[in-house]
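Here the sequence shown is numbered in the working numbering, starting from 4 and rising by one per residue.
Beta carbons are placed, not taken as given, at the ideal position from N, Cα and C, and that holds for glycine.
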Amino acid sequence: MAAYTRQVMWLYPARLGRFNSNFPLYVPRRRWRSFHFIHTTTTPIKAGYFQTHDFSAKNQVVIDDKIYGKHVVSEPVLVELLQSPALSRLAGVHQHGISGLLGLTPKVTRLEHSVGAFLLVRLVGAGLDEQVAALLHDISHTAMSHVVDFALSEPGEGSFHEVHKARFVKTTEIPAILTRHGFGDLKPLEEELYPLVEMPAPHLCADRLDYALRDIVGFGHVLLEDAQRILVSLKAMPSPTSQHRLLVLRDEQLALSLARGYMACDRDVWGNPAHGDLYTRTAQLMKSLIKGGCVREEELRTLSDEAFWSKMRQEVDYVGREAMNKLESEGLPDETGLPLSPNAKVRTLDPDICVSPGKAKPLSVLIPEYAAERRRYILARQELFTL
């Protein structure tokens with residue numbers, strides 16, 4: 004029976020969980036070690052809030068996702084990537100940074116999101132290279148996710164993980180895996196080359212749609228069954244391999260539910276001033292520790308969120324320790340009067356709808372009321388930048 008060495012992460016019930024939901028809450032507590040692993044385990048590994056991975060069968064991985072269902076992955080490059088330490092570490096990185104770590108949002112992880120984006124393009128018939136690109140699109144995310152942008156990114160620089168992606172990937176096994184399986188040009192690491200994976204807002208793409216589906220369900224804005232119906236409505240136009248391919252939906256009412264749920268997620272969490280305040284306060288602590296040499300920047304790429312938080316607690320002074328205690332105990336502040344952080348985005352969707360074979364129109368064209376609703380939302384959010 005084939006054996007390989009991989010890093011294994013044990014998952015513990017959440018200590019900090021506050022989010023009430025029908026799904027169980029787990030927080031990865033980092034206890035990594037190298038482990039000579041033979042495919043005999045029968046217990047699926049929890050990859051995040053909605054997803055588990057089963058490595059028990061030889062040369063395949065079974066992914067079970069509450070939104071996307073069960074999928075068997077047997078392509079060698081995908082199996083090896085799913086087993087790789089560089090990708091596996093994302094199970095300890097929360098999609099929502101400090102908000103996820105403290106249990107103020109569902110504990111969706113960067114790993115399940117990466118796998119979800121991969122499943123989306125796979126479901127619409129994307130080529131293997133685009134599936135790999137989707138799986139690896141967040142490979143360079145650090146502990147605390149986008150909180151690090153508030154701490155270390157220069158004004159106008161863009162997301163920290165994207166700016167430093169090439170430098171990080173060179174330190175991992177990913178280039179060797181890709182080269183071994185015929186992707187020596189490493190193009191799948193350039194997700195912007197793959198329209199089904201990345202597309203400018205407000206269009207749909209696998210990255211944007213996956214985190215949207217997880218959060219509209221996780222935050223309670225759309226039922227799980229309706230999210231699954233949105234998935235069934237999805238297709239690639241004019242074809243999944245066309246140069247100008249685009250993700251579209253076939254049902255405009257489902258698209259409207261998705262778009263409204265997306266705005267609600269932006270209002271309540273992604274672009275919410277209270278969550279932004281938590282990000283800013285956490286980022287100030289992170290910046291002072293990293294710039295002061297108490298914590299090495301490299302540890303952002305090797306530690307889980309919880310392990311990095313523990314490292315911060317070990318290194319902060321009394322004032323910093325009190326600030327961390329307040330973050331843990333006080334939860335979200337009152338957002339009244341709080342401005343939006345300059346790092347915040349105003350996020351909306353305008354999904355393209357298939358209206359005939361080979362032809363699509365934006366939802367805002369088909370439903371003018373939504374166009375007006377979206378404009379009002381954008382204007383209202385922009386006013387928060389000036390508070």
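Practice problem: Could you check the C-alpha separation between D254 and H206 for me, to the nearest Å? | Solution: In the sequence shown, residue 254 corresponds to position 251, counting from 1. In the sequence shown, residue 206 corresponds to position 203, counting from 1. Using only the alpha carbons, I get a separation of about 15 angstroms.
Self-check item: Helix, strand or coil at L357 according to DSSP, with G and I counted as helix
Solution: Your numbering for residue 357 matches position 354 in the sequence shown. Checking the sequence, you will find Cys at residue 357 rather than Leu. Residue state, collapsed to three classes: strand.
Quiz item: Comparing the CB of Q246 with every heavy atom of the ligand ADP, is any distance shorter than 7 angstroms?
Solution: For the structure depicted, the ligand ADP is absent and the ligand set is empty, with no information on it obtainable.
Quiz item: What did DSSP end up calling G72 once you bin it into helix, strand or coil?
Solution: Position 69 of the sequence shown, counted from the first residue, corresponds to residue 72. DSSP places G72 in strand when its eight states are reduced to three.
Quiz item: Which same chain residues, not among the five before or five after G274, have their C-beta less than 7 angstroms away from its C-beta?
Solution: Looking up residue 274 in the sequence shown gives position 271. Counting only Cβ-Cβ distances below 7 angstroms, and skipping sequence neighbours, we find L343, A347, K348, V349, R350, R384.
Quiz item: With DSSP run on the structure shown, which of helix, strand or coil describes Q54?
Solution: As a first step, residue 54 must be located in the sequence shown, where it is residue number 51. Correct three-state label for Q54: strand.
Exercise. Name the one or two DSSP bridge partners that M240 has.
Key: Residue 240 sits at position 237 when you count from the first residue of the sequence shown. Within the DSSP secondary-structure output, M240 pairs in a beta bridge with L249.
Quiz item: On the premise that Q86 lies in contact with F58, defined as a C-beta separation below 8 angstroms, what is that separation, rounded to the nearest angstrom?
Solution: The residue given as residue 58 occupies position 55 in the sequence shown. The residue given as residue 86 occupies position 83 in the sequence shown. That belief holds up - the Cβ atoms of F58 and Q86 are roughly 7 angstroms apart, short of 8 angstroms.
Quiz item: By Cβ distance, which residues of its chain are closer than 7 angstroms to V225, with the 5 residues on each side in sequence left out?
Solution: On the sequence shown, residue 225 is found 222 positions in, with the first residue counted as 1. So the qualifying residues of the chain are I219, S260, G264.
Exercise. In the DSSP assignment, find the unbroken alpha helix (DSSP H) run with P158 in it and report its ends.
Key: If you number the sequence shown from 1, residue 158 lands on position 155. Per DSSP, P158 lies in no alpha helix (DSSP H) segment and is marked neither H nor E.
Quiz prompt | Segment contact flag, the segment 50-64 with the segment 159-173, C-beta cutoff 8 angstroms, min 3 pairs | solution = Segments in contact, no.
Exercise. Look at the Cβ atom of T112, then the Cβ atom of L93, and state whether they are nearer than 8 angstroms.
Key: Translated into positions along the sequence shown, residue 112 becomes position 109. Translated into positions along the sequence shown, residue 93 becomes position 90. At the C-beta level, T112 and L93 come within 8 angstroms of one another.
Quiz prompt | Bounding residues of the alpha helix (DSSP H) (the contiguous stretch that carries P371) | solution = As a first step, residue 371 is located in the sequence shown; it is residue number 368 there, counting from the start. Note, P371: alpha helix (DSSP H), 371-386.
Self-check item: Reference M289, options P276, M315, R304, D271, closest by Cα
Solution: Sequence index remark: in the sequence shown, residue 289 carries index 286 (1-based). Closest option to M289, Cα to Cα, is M315.
Quiz prompt | Range covered by the beta strand (DSSP E) that runs through K364 | solution = On the sequence shown, residue 364 is found 361 positions in, with the first residue counted as 1. Segment 362-365, the beta strand (DSSP E) holding K364.
Quiz prompt | Reduced DSSP category for T339 - H, G, I as helix; E, B as strand; rest coil | solution = One-based indexing of the sequence shown puts residue 339 at position 336. Note: T339 maps to coil in three-state DSSP.
Quiz item: So what does I66 bridge to, in DSSP terms?
Solution: In the sequence shown, the residue the question calls residue 66 occupies position 63. Listed as beta-bridge partners of I66 by DSSP are H56, H74.
Quiz prompt | Complete alpha helix (DSSP H) runs within the segment 245-305 (minimum length 4 residues, chain order) | solution = For the segment 245-305, the full-length alpha helix (DSSP H) segments reaching 4 residues or more read 255-268, 276-294 along the chain.
Practice problem: Would you tell me roughly how many angstroms separate the C-alpha atoms of L281 and D67, rounded to the nearest one? | Solution: Mapped onto the sequence shown, residue 281 falls at position 278. Mapped onto the sequence shown, residue 67 falls at position 64. Cα-Cα distance, rounded: 32 angstroms.
Quiz item: What does a CB cutoff of less than 8 angstroms around V76 pick up in its chain, not counting 5 residues either side in sequence?
Solution: Your numbering for residue 76 matches position 73 in the sequence shown. Around V76: Q63, V64, V65, I66, V82, L85.
Practice problem: May I have a chain-ordered list of the alpha helix (DSSP H) segments no shorter than 4 residues that lie completely inside the segment 144-195? | Solution: Counting only runs of 4 or more, we get 150-155, 163-166, 168-172, 177-183.
Quiz item: How would you call L196, buried or exposed, if buried means at least 16 neighbouring beta carbons within 10 angstroms?
Solution: Along the sequence shown, one-based indexing puts residue 196 at 193. When all chains shown are included, L196 counts as exposed.
Practice problem: Quick one: give me the first and last residue of the alpha helix (DSSP H) that F311 is part of. | Solution: Position 308 of the sequence shown, counted from the first residue, corresponds to residue 311. Going by DSSP, F311 is part of the alpha helix (DSSP H) stretching over 308-318.
Quiz item: Roughly how many angstroms separate the alpha carbons of I70 and V200, rounded to a whole number?
Solution: For the purposes of this step, residue 70 is taken as the residue at position 67 of the sequence shown. For the purposes of this step, residue 200 is taken as the residue at position 197 of the sequence shown. In this structure, the CA atom of I70 is about 18 angstroms from the CA atom of V200.
Practice problem: Starting from K329, follow the alpha helix (DSSP H) in both directions and report where the run begins and ends. | Solution: Start at 1 with the first residue of the sequence shown, and residue 329 comes out as number 326. K329 -> alpha helix (DSSP H) spans 321-333.
Self-check item: Rounded C-alpha distance that separates G340 from P276
Solution: To locate residue 340, count along the sequence shown from 1; it is residue 337. To locate residue 276, count along the sequence shown from 1; it is residue 273. Put simply, the backbone Cα of G340 is about 9 angstroms away from that of P276.
Practice problem: Report the three-state DSSP secondary structure of I101 (helix, strand or coil). | Solution: Locating residue 101 in the sequence shown gives position 98, counting from the first residue. DSSP places I101 in the helix class (H, G or I) of the three-state scheme.
Practice problem: State the Cα-Cα distance for the pair P178 and A267, rounded to the nearest angstrom. | Solution: For the purposes of this step, residue 178 is identified with residue 175 of the sequence shown, where counting begins at 1. For the purposes of this step, residue 267 is identified with residue 264 of the sequence shown, where counting begins at 1. C-alpha separation (whole angstroms): 39 angstroms.
Practice problem: Using the DSSP secondary-structure output, state which residues sit across from K49 in a beta bridge. | Solution: In the sequence shown, the residue the question calls residue 49 occupies position 46. Under the DSSP definition of a beta bridge, K49 partners with T55.
Practice problem: Could you check how far apart the C-beta atoms of V150 and I180 are, in whole angstroms? I think they sit under 8 angstroms. | Solution: On the sequence shown, residue 150 is found 147 positions in, with the first residue counted as 1. On the sequence shown, residue 180 is found 177 positions in, with the first residue counted as 1. Taking a contact as a CB-CB distance under 8 angstroms, the pair V150 and I180 does not count as one, their CB atoms being some 29 angstroms apart.
Self-check item: Sequence-distant residues of its chain with Cβ nearer than 8 angstroms to T305 (five each side left out)
Solution: For the purposes of this step, residue 305 is identified with residue 302 of the sequence shown, where counting begins at 1. Setting aside the 5 residues that flank it on each side, T305 is surrounded in the same chain by R92, each with a C-beta closer than 8 angstroms to its C-beta; the list follows chain order.
Quiz item: For the alpha helix (DSSP H) that contains G221, what are its first and last residues?
Solution: In the sequence shown, the residue the question calls residue 221 occupies position 218. From DSSP, the alpha helix (DSSP H) with G221 extends over 209-221.
Self-check item: Host alpha helix (DSSP H) of V225 (start-end)
Solution: Along the sequence shown, read from residue 1 onward, the residue named residue 225 stands at position 222. First-last for V225: undefined, no H or E at that position.
Practice problem: Please look up how many angstroms separate the CB atoms of P191 and V135, rounded, as I've assumed it's under 8 angstroms. | Solution: Working through the sequence shown from its first residue, we reach residue 191 at position 188. Working through the sequence shown from its first residue, we reach residue 135 at position 132. Contact holds; Cβ gap of about 4 angstroms.
Practice problem: State the start and end residues of the unbroken alpha helix (DSSP H) segment that holds L114. | Solution: As a working note, residue 114 is residue 111 in the sequence shown. That run of the alpha helix (DSSP H) goes 113-126.
Quiz item: Is it the case that the Cβ atoms of A258 and L250 are separated by a distance below 8 angstroms?
Solution: In the sequence shown, counting from the first residue as 1, residue 258 sits at position 255. In the sequence shown, counting from the first residue as 1, residue 250 sits at position 247. No. Outside cutoff.
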